Amino acid sequence: MNNSNQFVKNSFLFSLQRPFKTLFLTLKNLLPLMTDINHLEKLVIQVRRDILRQVHKVNSGHPGGSLGCAEFFVALYNELMEHNSNFNMNGKNEDLFFLSNGHISPVFYSVLARSGYFPVEELNTFRLLNSRLQGHPTTHEGLPGVRIASGSLGQGISVAIGAALAKKLNNDNKIIYTLCGDGELQEGQNWEAIMYAAGNKVDNLIVTIDYNGQQIDGATDTVLPLGNLTEKFKSFGWEVLTIKEGNNLQAIIKTMKEAKSKTGKGKPICVLLHTVMGNGVDFMMHTHAWHGKAPNDEQLEKGLAQNPVTLGDY
Amino acid sequence: MNNSNQFVKNSFLFSLQRPFKTLFLTLKNLLPLMTDINHLEKLVIQVRRDILRQVHKVNSGHPGGSLGCAEFFVALYNELMEHNSNFNMNGKNEDLFFLSNGHISPVFYSVLARSGYFPVEELNTFRLLNSRLQGHPTTHEGLPGVRIASGSLGQGISVAIGAALAKKLNNDNKIIYTLCGDGELQEGQNWEAIMYAAGNKVDNLIVTIDYNGQQIDGATDTVLPLGNLTEKFKSFGWEVLTIKEGNNLQAIIKTMKEAKSKTGKGKPICVLLHTVMGNGVDFMMHTHAWHGKAPNDEQLEKGLAQNPVTLGDY
Amino acid sequence: MKKYTNTGNKDTRSGFGAGMTQLGKTNPNVVALCADLTGSLKMDEFQANHPERFFQIGIAEANMMGIAAGMTIGGKIPFTGTFANFSTGRVYDQIRQSIAYSGKNVKICASHAGVTLGEDGATHQILEDIGLMKMLPGMTVINTCDYNQTKAATLAIAEHKGPVYLRFGRPSVANFTPENQTFEIGKAVHLIEGTDVTIVATGHLVWEAIQAAETLFEQGISAEVINIHTIKPLDAEAILKSVTKTGCIVTAEEHNYLGGLGESVSRVLAENHPTPQAFVATQDTFGESGTPAQLMEKYGLNAAAIVQKTLDVLKRK
Amino acid sequence: MKKYTNTGNKDTRSGFGAGMTQLGKTNPNVVALCADLTGSLKMDEFQANHPERFFQIGIAEANMMGIAAGMTIGGKIPFTGTFANFSTGRVYDQIRQSIAYSGKNVKICASHAGVTLGEDGATHQILEDIGLMKMLPGMTVINTCDYNQTKAATLAIAEHKGPVYLRFGRPSVANFTPENQTFEIGKAVHLIEGTDVTIVATGHLVWEAIQAAETLFEQGISAEVINIHTIKPLDAEAILKSVTKTGCIVTAEEHNYLGGLGESVSRVLAENHPTPQAFVATQDTFGESGTPAQLMEKYGLNAAAIVQKTLDVLKRK
Ligand SMILES: Cc1ncc(C[n+]2csc(CCOP(=O)(O)OP(=O)(O)O)c2C)c(N)n1
Ligand SMILES: Cc1ncc(C[n+]2csc(CCOP(=O)(O)OP(=O)(O)O)c2C)c(N)n1
Ligand SMILES: [Mg+2]
Ligand SMILES: [Mg+2]
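Line order of the protein sequences matches chains C, W, E and B.
Take the first sequence: its position 1, counting from 1, is numbered 1 in this note's numbering, and each next residue is one higher.
Each number in this note's numbering comes from the position in the second sequence (counting from 1) with 1000 added on.
Each number in this note's numbering comes from the position in the third sequence (counting from 1) with 2000 added on.
Each number in this note's numbering comes from the position in the fourth sequence (counting from 1) with 3000 added on.
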């Protein structure tokens, strides 16, 4: 099925002539406006700085996957989700997000803080004793914005399905988003969840895969090849969309909105987000080496210099 | 991919004219000879009797899946596997079989006994205290022919892969067979194994799925639809063959031999065996009702009458 | 000595089913999840009455635990149902992270615990689930003794906020506790007063302990019998009070002697009041096929075994 | 009092890695499996030397356990490597059925056990794995205390026929046991003779126990220190012999006090020789992020905690 056709069919643009159609579509998908995009791009840089500074300070944590998903998180919390930063665990009548690959907590914490869930200064406590910002996200210390603990891989999609089912029971028509690592898909529980969601038409669910092609021991292709993920999800009965430029804010926003427009149609939705691990810090890019390694002082400076101050460090 | 075309392509018959081709193929696949097939068909009936009598005696056990797989087991142990009924755990230089859906132990026990692994009379001890014939097969009591415990679903393909890898390390070019339930495929561990086997070219492995469309709570389509299994296995990088008539000895033998001919070519092989649950006992057929229920005296008589004595009851 | 009457054999899992049926009517937030064992878990009535609140997960217990955790977000009270083995060992890490550590209000309801599931044999007969669940911080662990108590516990855990493991079984056993009782989580039930020995039992062993006490009474031994339906939080006070009086104790459970109620009691004693103890439990072996009664006898889990262990421990007083 | 010298801090997991390297050379049947944590488990050298005997399974621990079980059929001796949480809780049912009940010769080797894995936090800090594994019939459970002992244990378990759980950790800690020692499974190691109190410790807590004994000695208290590297089979004889002399005991482990070594010792005492016991262990809480030293202090798992608990238990003698 051709997704962009699908999209057009569902819009009033379907009846317009081709040239107009293209123009309108472009405009429609150019949302948010240029000024907003500028702001979001600055925010991405700030989030990168937050990631680098968090992991550097405690000499531990996972910068690679975090950097690769900075644009996604910024788009999610600023453009895509209808959410309430006045945190309430049950999250009725708002979109919810679940992070399955909990090790990329630095990007999650940065974006939550900068979305008003908790003071930005608290990023200073990342991975320290008695902190709410645990190595992997948890509800245990009451950090606003987190609804489930993660870290042990493979559990997030199931939890997201549960939340999606509860929304349906509550006649709450908001959406559940979740992010999952590509290596993480090697865990069988994901496939249980993937089979269940299709079989039970959990169509208020958008699962994004951080498709960076890397995991701890190397490229997924050398560790355990994932093969054709599009075919896999399709054969399990999912709607599949791809974001080739997973580090491009506009591309993310456009396709995620398309994904949203496909909710409620009887199928769960998977978005394959092609990201670059370590994106935005040249020496960290395209390698698994920085999956779970912190930069030293010099490397931090270099990374920060490549991402000069924008909105104010904590 | 069309499997039978594939088969032809790999054979010298490819160059022959159409009519000859058909004839040759038929002859080739008519093995074993008619007399053998007659014997095997009698054996199938005997195995059905063994199944019914085992579960009836202890008023427990799983006749439905067992009956559905009687032809498969008979073919496997009598025509397909190169095996040694002088049991040795390591099974070097012989084909090995692993039963993942351990609840169909009655058919396994019957065929093992009638292949000489242990005295047929021992079928009398099925599910009794101190028996080697446990409710689910186990190595724990030392029953010859069993190499792994099963019963908790979803573990057999992984074990089979391990045995297949060991064979490769030992330069042993025999084959690993395994049988898995269709409902069982809902367990995520299977998909871990399925991904692994393709990614690591475990091509000395033939996994058969007992595709009866039934599980405990009803049809798989109502419990949790499996969707298109062929597409699923293919999207995971497997070679897939289908036996539409999974209760037809000749069909089983033909396609399983074809499956064998496809080993050693870089891909693990899946055979979708379309069986009828409860096959051979009319009131047990096509329903999940007899998944795990034993016949009463009257039902036993009826079932046995439909499968009159052939080779001698224990 | 106080006597108890068996009002008719019933299976504890049917008590769970009856509890679910009632909860379906009284608590709209209760949802039920099952992994292809609806009939075995006696959840069919709930399913029939409330199809929209019943979730058939298929044979995917890990996914079931995750879904249950997620449903609490939105205010649901999920009750998961499958066999005890697949409710615990199969999904330990999922329970650990998505339910216990995340503090989710999930009720893990487990049938066919122990050897008394009978003929299916060892792969299904978990004898470690009490130990598994008791080690999880924040988890409440309950093992009920009969139909009435199981029904009462099912109702009670819906009111309790936090994760609960509720363990029950397959066979028909004596039903002797009061109908429509109130179930108090964490509060031991004194069944029989005695002075010579304390017998604390849980689950199917409670009725056996009562039988044992009667036999012992005939032999002139006064046994105090306590039903420890809640293994965690453990009613240490009740146990200590009793052993202070009796001076020795027998623990009885359908579980491995390693890791279960018995060791928890040993710990309480060693920390507070060192006391001779004997263990009625399986002796670190797997189970096997057989009838429930045969297995209880072979694995030393019946009244006779309790009597024997009591005589042993009395010698060590 | 016997003194022990730290010959330089090292991580126990590197002892495992060194053992694997040696086994790679000496035992052609040894194969290694890892679930995307080769570096963390220090299996890279084995992988580099014997790529054909190294199996990268990917992030699929359940599959890894099943594959390991299958490889024993054909005479291999599989060593699986991943974090302790994913070596046990994640795959309990797979270990139970395909390895323990099936009696397969698999060595489950687990790093990053306990809170000392540090900053990753509670989801990774399993404090229940000793309990999980000890409940499985036929399983041998070992928790080594330093680099040298871990290396020796790695070599020893290859010679032992049957399933083994070998637990070690991430941080650099004192290396004080002899180089090239022989490791005797199931045989407690008497480190320090004493008369006032018995301290049995396992894993990272052994060095802390030695430090504690020195402090206690200065206070005029003579502590006997025993390294219980094997939790199962437990050297009950050694423990009983010691408490018969000292009259009280402290158990020390990087584990929940529920279900671990402590409770196993309580059981042995209650069954044979009731004795006051104090528990150095986590108090039924999850861990959290922090440095190993901070966490050992906060969760009461260091020499100071052992000293404190010893003083407590002495009062109860
Ligand atoms: C169940 C489980 N097994 C293993 C790990 C250790 N682990 C943490 S992250 C990771 C790699 C994950 O790969 P991917 O999902 O691709 O994330 P990325 O490296 O791209 O951030 C592994 C193996 C874990 N956290 N949980
Ligand atoms: C892990 C696990 N979960 C649940 C069960 C209970 N159970 C036994 S057989 C079965 C149904 C299996 O369906 P299928 O594989 O299709 O076998 P069939 O009913 O066709 O024989 C279930 C749920 C089990 N044995 N193991
Ligand atoms: Mg990745
Ligand atoms: Mg089926």
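Beta carbons: idealized from backbone N, C-alpha and C, even for Gly.
Values in this document were obtained by computation on a predicted structure and should not be read as measured data.
Residue i versus residue j: straight-line alpha-carbon distance, rounded
| i | j | result |
| --- | --- | --- |
| H3255 (chain B) | F3286 (chain B) | 10 Å |
| Q1306 (chain W) | G1278 (chain W) | 12 Å |
| L2041 (chain E) | T3244 (chain B) | 49 Å |
| Y3147 (chain B) | A2069 (chain E) | 40 Å |
| I2192 (chain E) | K167 (chain C) | 49 Å |
| T2246 (chain E) | V2268 (chain E) | 16 Å |
| I2067 (chain E) | H2273 (chain E) | 44 Å |
| S2266 (chain E) | P3292 (chain B) | 31 Å |
| E3253 (chain B) | G2008 (chain E) | 47 Å |
| P1119 (chain W) | T1125 (chain W) | 11 Å |
| V223 (chain C) | F1283 (chain W) | 50 Å |
| M3001 (chain B) | A3236 (chain B) | 24 Å |
| Q1186 (chain W) | F1233 (chain W) | 13 Å |
As assigned by DSSP and simplified to three states, the class of residue i
| i | result |
| --- | --- |
| L1099 (chain W) | strand |
| L2041 (chain E) | coil |
| A2223 (chain E) | strand |
| Q2181 (chain E) | coil |
| A3304 (chain B) | helix |
| E1239 (chain W) | strand |
| A3278 (chain B) | strand |
| N2256 (chain E) | strand |
| D282 (chain C) | helix |
| L2127 (chain E) | coil |
| K2298 (chain E) | helix |
| F1072 (chain W) | helix |
| H291 (chain C) | coil |
| D1210 (chain W) | strand |
Bridge partners - residue i, DSSP secondary structure assignment
| i | result |
| --- | --- |
| K2010 (chain E) | E:V2173 |
| V3200 (chain B) | B:I3226, B:T3251 |
| N3143 (chain B) | B:R3167 |
| S2111 (chain E) | E:F2083 |
| I316 (chain C) | Residue 316 (chain C) lies beyond the residue range present for chain C, which begins at 1 and ends at 314; the question has no answer from this structure. |
| P3233 (chain B) | Partner(s): none; P3233 (chain B) has no beta bridge. |
| H3160 (chain B) | Note: H3160 (chain B) sits in no beta bridge, so no partner. |
| Q1215 (chain W) | W:G1218 |
| I104 (chain C) | In DSSP, I104 (chain C) forms no bridge with anything. |
- Task: Assess, as a yes-or-no matter, whether the stretch 1227 to 1242 of chain W is touched by the stretch 1170 to 1178 of chain W under the definition of 3 or more beta carbon pairs within less than 8 Å.
- Result: The stretch 1170 to 1178 of chain W makes no contact with the stretch 1227 to 1242 of chain W, as fewer than three CB pairs between them are under 8 Å.
- Message: Does the structure place the stretch 3106 to 3125 of chain B close enough to the stretch 2113 to 2125 of chain E that three or more beta carbon pairs sit under 8 Å?
- Response: Judged by Cβ distances under 8 Å, the stretch 2113 to 2125 of chain E makes no contact with the stretch 3106 to 3125 of chain B, as fewer than three pairs qualify.
- Query: Is the stretch 2120 to 2128 of chain E touching the stretch 1138 to 1152 of chain W in the sense that three or more CB pairs, one from each, lie closer than 8 Å?
  - Reply: The answer is yes - the stretch 2120 to 2128 of chain E touches the stretch 1138 to 1152 of chain W, with three or more Cβ pairs under 8 Å.
- Task: Compile a chain-ordered list of the residues in the stretch 194 to 213 of chain C whose CB is closer than 9 Å to at least one CB of chain W.
- Result: Within the stretch 194 to 213 of chain C, the residues whose Cβ lies closer than 9 Å to some Cβ of chain W are I194, M195, Y196, A198, G199, N200, listed in chain order.
- Task: Using a Cβ-Cβ cut-off of less than 8 Å, list which residues of the stretch 3064 to 3091 of chain B approach chain C; keep chain order.
- Result: Close to chain C, meaning a Cβ-Cβ distance shorter than 8 Å, are the following residues of the stretch 3064 to 3091 of chain B: N3085, F3086, R3090.
- Any contact of the stretch 3130 to 3138 of chain B with the stretch 2295 to 2302 of chain E, i.e. 3+ C-beta pairs under 8 Å? Verdict: no, contact absent.
- Query: Contact between the stretch 1250 to 1268 of chain W and the stretch 1286 to 1300 of chain W: three or more CB pairs below 8 Å?
  - Reply: No contact exists between the stretch 1250 to 1268 of chain W and the stretch 1286 to 1300 of chain W.
- Three-pair Cβ contact test at 8 Å for the stretch 191 to 207 of chain C versus the stretch 1185 to 1193 of chain W: Segments in contact, yes.
- Is the stretch 3145 to 3162 of chain B in contact with the stretch 3201 to 3208 of chain B, if contact means three or more CB pairs nearer than 8 Å? In short, these stretches touch, since the Cβ pair count reaches three.
- Counting Cβ pairs closer than 8 Å, one from the stretch 3089 to 3106 of chain B and one from the stretch 2085 to 2095 of chain E, do we hit at least three? Judged by Cβ distances under 8 Å, the stretch 3089 to 3106 of chain B makes contact with the stretch 2085 to 2095 of chain E, as three or more pairs qualify.
- Would you list, in chain order, the members of the stretch 217 to 248 of chain C that have their beta-carbon closer than 7 Å to a beta-carbon of chain W? Under the 7 Å Cβ criterion, the stretch 217 to 248 of chain C contributes L224, P225, G227, N228, E231, K232, S235, F236, G237.
- Does the count of Cβ pairs from the stretch 47 to 55 of chain C and the stretch 100 to 112 of chain C closer than 8 Å reach three? The stretch 47 to 55 of chain C makes contact with the stretch 100 to 112 of chain C: 3 or more CB pairs, one atom from each, lie closer than 8 Å.
- Message: Under 8 Å, CB to CB, which of the residues in the stretch 1166 to 1191 of chain W have a partner in chain C?
- Response: Here the close residues are Q1186, E1187, G1188, Q1189, N1190, W1191.
- Would you call the stretch 2032 to 2050 of chain E and the stretch 2172 to 2179 of chain E in contact, with 3 or more CB pairs under 8 Å? Per the Cβ contact rule, the stretch 2032 to 2050 of chain E is not in contact with the stretch 2172 to 2179 of chain E (fewer than 3 Cβ pairs under 8 Å).
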